[in-house]
Structures are given as structure tokens and as C-alpha cells.
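Colleague:
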Amino acid sequence: MTLKNRIDSVFTMRVSMIAKRLLTLFLVLHCSIFMSGCGVYSFTGTNLSPDIKTFSVLNFTMGTAGGPSDLPQRLTEELKEYFQRNTSLISQPGGGDLVLEGSITGYDVLAAAPTANDQAGLNRLNVTVQVRYTNAKDETKNFDQSFTYYADFPQDQTLNQNEARLLPTIRENLVQQIFNKSAADW
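This is the structure in C-alpha cells:
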């Protein structure tokens, strides 16, 4: 092998190594640029600003007749638990960056699914909650809104026979609606 061939071989090897390093650097920079534009996302669908660190759920009240006396307390606790499970926010008794408060404004049994002889085929337990949400970091996100969910039960049974079975589902869905509106901004 001549000196010229050796120099060409060494030169080709060095160019190849430099090209590999440049390609690696390019790929790393390219990926980092694209990933930096993606922002911070959560698998739970929350859409909260990174400067929000705390939340408070004030005790809900019973603003209507009917319903079990522990319904507001259970709703309050389930909201707190849901936020703790699905966000990295820290719960505090009051004055959080996000504050939820409200009242149960409706607890009604209505006739549903009418039959041919004008009787209800089903009864419907309908629960309505008025929620005030305050975002101390972004007042444009504040809202005062009503949320409703219902569950049906057979017309030949009483509410007392079905209440313990229906209320967990109703509370779970109300909590999900409130969370979606406040933290997920849906």
C-alpha cells in the first residue's frame, strides 16, 4: 500500500467518524427541539399551569331538602381524594391556588321512562351541585356552575331501597365532571 493510499484511508476513516458524530449531534438537537415544544402533559388530562402548587376543597353544604345528611361531607372528601390521586397538587384547608366550594342544590326523585298507562317505568334520582371554582393564578379560569348527574331505579322500589347503591355512582360522576371542568379545562 502506498503512502497516498494510506493517507486516503486514514482521511476517509476520520471523515466517516466526524460524519457519525455530526449526525448524532444533529439527531440529539433535533429531538430536543421537537420535545421542548411539546410542553408538560399529564396522563390524567390535567391542564394546570406549573406555578399552581396547592388546592383547597372547602366543605360543601346541603342547600336543599332531602338526601342523606352526610352527602356534602362525602362529596367534599371524594373531591379532595380525586385531586390528590390525579394531580401533584398539595391539599390545604383553605387559601389554595385552586379553591373549590359549593352546595348541593338539588336532590330530587323524578319519574322517568313513562309507560303506556301514564305511569313511570323507572324513577330517577337527580342530584345537582352548584360549584364555585377560583383559580388564584388565572382568574379567567374561574367559574360558578351547576353540575347534575342522575341514576335510575325501578318504579316498584323506594328511594330508601336504592339510595345506598345509587349515590356512590352519582358522586363519582359529579366529582369527575367538576374535575374535568376545573383541572382538565374540558
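Be aware that the sequence shown starts at 21, since it is given in the numbering used here, and climbs by one per residue.
Glycine included, each C-beta is placed from N, C-alpha and C at the ideal position.
Keep in mind the model is a prediction, meaning the values are calculated, not measured.
T66 to P92, Cα distance in whole Å?
Modeller: Taking the first residue of the sequence shown as position 1, residue 66 is located at position 46. Taking the first residue of the sequence shown as position 1, residue 92 is located at position 72. The straight-line gap from Cα to Cα measures roughly 25 Å.
Colleague: Between the Cα of D176 and the Cα atoms of A203, T44, G141 and L194, which residue gives the shortest distance?
Modeller: For the purposes of this step, residue 176 is identified with residue 156 of the sequence shown, where counting begins at 1. Out of A203, T44, G141 and L194, the CA that lies nearest to the CA of D176 is found in G141.
Colleague: According to DSSP, is Q6 part of a helix, a strand, or is it coil?
Modeller: No information on residue 6 is available, as it lies outside the stretch 21 to 206 that the chain covers here.
Colleague: Going along the chain, which residues of its own chain have a beta-carbon closer than 6 Å to the beta-carbon of T225, five neighbours each way excluded?
Modeller: This structure cannot settle anything about residue 225, because the visible part of the chain is limited to 21 through 206.
Colleague: Round the Cβ separation of S111 and K100 to the nearest angstrom and send it over; I've been treating them as touching at under 8 Å.
Modeller: Taking the first residue of the sequence shown as 1, we reach residue 111 at position 91. Taking the first residue of the sequence shown as 1, we reach residue 100 at position 80. Yes, they are in contact, since the Cβ atoms of S111 and K100 sit about 6 Å apart, within 8 Å.
Colleague: To the nearest angstrom, how far is it from the Cα of A85 to the Cα of Y127?
Modeller: As a first step, residue 85 must be located in the sequence shown, where it is residue number 65. As a first step, residue 127 must be located in the sequence shown, where it is residue number 107. Approximately 7 Å, taken between the alpha carbons.
Colleague: Whole angstroms is fine: what's the gap from A184's alpha carbon to E98's?
Modeller: Counted from its first residue, the sequence shown places residue 184 at position 164. Counted from its first residue, the sequence shown places residue 98 at position 78. The alpha-carbon atoms of A184 and E98 are separated by roughly 16 Å.
Colleague: If we ignore side chains and look at the alpha-carbon of each, how far apart do A171 and I198 end up?
Modeller: What you label residue 171 is simply residue 151 of the sequence shown in a count that begins at 1. What you label residue 198 is simply residue 178 of the sequence shown in a count that begins at 1. About 18 Å.
Colleague: If you check the beta carbons only, do F75 and F103 fall under 8 Å apart?
Modeller: Within the sequence shown, residue 75 is the residue found at index 55, counting from 1. Within the sequence shown, residue 103 is the residue found at index 83, counting from 1. In this structure, F103 lies closer than 8 Å to F75 by Cβ.
Colleague: Which residue's Cα is closest to the Cα of I124: E159, L95, T44 and K73?
Modeller: Residue numbering aside, residue 124 sits at position 104 when the sequence shown is read from its first letter. Among E159, L95, T44 and K73, the Cα nearest to that of I124 is on L95.
Colleague: Under the DSSP definition of a beta bridge, which residues are partnered with A132?
Modeller: If you number the sequence shown from 1, residue 132 lands on position 112. Answer by DSSP bridge pairing, in chain order: L142.
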